[in-house]
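The structure appears below as structure tokens.
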Amino acid sequence: VIWKGDSLIDGVPETLDMLRSRGKRLVFVTNNSTKSRKQYGKKFETLGLSVSEEEIFASSFAAAAYLKSINFPKDKKVYVIGEDGILKELELAGFEYLGGPEDGGKKIELKPGFLMEHDENVGAVVVGFDRYFNYYKIQYGTLCIRENPGCLFIATNRDAVTHLTDAQEWA
1 VIWKGDSLID
11 GVPETLDMLR
21 SRGKRLVFVT
31 NNSTKSRKQY
41 GKKFETLGLS
51 VSEEEIFASS
61 FAAAAYLKSI
71 NFPKDKKVYV
81 IGEDGILKEL
91 ELAGFEYLGG
101 PEDGGKKIEL
111 KPGFLMEHDE
121 NVGAVVVGFD
131 RYFNYYKIQY
141 GTLCIRENPG
151 CLFIATNRDA
161 VTHLTDAQEW
171 A
């Protein structure tokens, strides 16, 4: 753990300096997909730490890197249930996406005969932490996975709960 909230943990700068002085290669890994590597780099910088993007491995980056590694077709889209970090990493990797925070205010109509349309060109659904999670996103992602042949499901983390505040665990 490097920081808690916006506060650096005591001793971190000295520990990182000592490890670097001994020639150790440092890698910073997080399963938090809300930020891109660039955004995490800025966070390190605001805390007074010099960390390059190449040293940062966020699950948002891992999802995009995985799609690249399997040669995910560039003509397919990715539906994102998650936040800006995933969108930025997909964009940097050259993938077209839809969803994300933009779908946070969308609603489904629960009335007889309602049929929700979806993009048949979605080839993957990437799910990460999403403060704007809703039934629209659940249904849209489910439709893509069920009805688009070969559509992949990629989760950026397996946490059962998260710690958004120090007062309690959150679902």
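1 is the number of the first residue of the sequence shown in full-length UniProt numbering; add one for each residue after it. We put the beta carbon where it would ideally sit given N, CA and C, even for glycine.
Residue interval of the beta strand (DSSP E) (run including residue i)
i	result
ILE154	152 to 155
ALA124	122 to 127
THR46	Counting along the chain, THR46 falls outside any beta strand (DSSP E), though it belongs to the alpha helix (DSSP H) covering 37 to 46.
VAL29	28 to 30
Where the alpha helix (DSSP H) through residue i begins and ends
i	result
ILE138	135 to 147
LEU90	84 to 92
ALA62	59 to 69
LEU16	12 to 21
Contact under 7 angstroms by Cβ, residue i with residue j
i	j	result
SER33	SER59	yes
CYS144	VAL122	yes
VAL29	PHE57	yes
ILE81	GLY5	no
LYS68	ALA93	yes
ASP103	TYR136	yes
VAL78	ALA124	yes
GLU89	PHE114	no
Buried or exposed by the 16-neighbour rule on C-beta atoms within 10 Å, applied to residue i
i	result
residue 173	The requested residue 173 is not part of the displayed model; the chain covers only 1 to 171.
LEU26	exposed
VAL1	exposed
LYS107	exposed
GLU72	Checking the displayed sequence, the identity of residue 72 turns out to be Phe instead of Glu. So PHE72 ends up on the buried side.
ASP17	exposed
ALA65	exposed
PHE153	exposed
LEU87	buried
Per DSSP, cross-strand counterpart(s) of residue i
i	result
LEU98	TYR79
SER7	LYS4
ILE56	PHE28
THR162	TRP170
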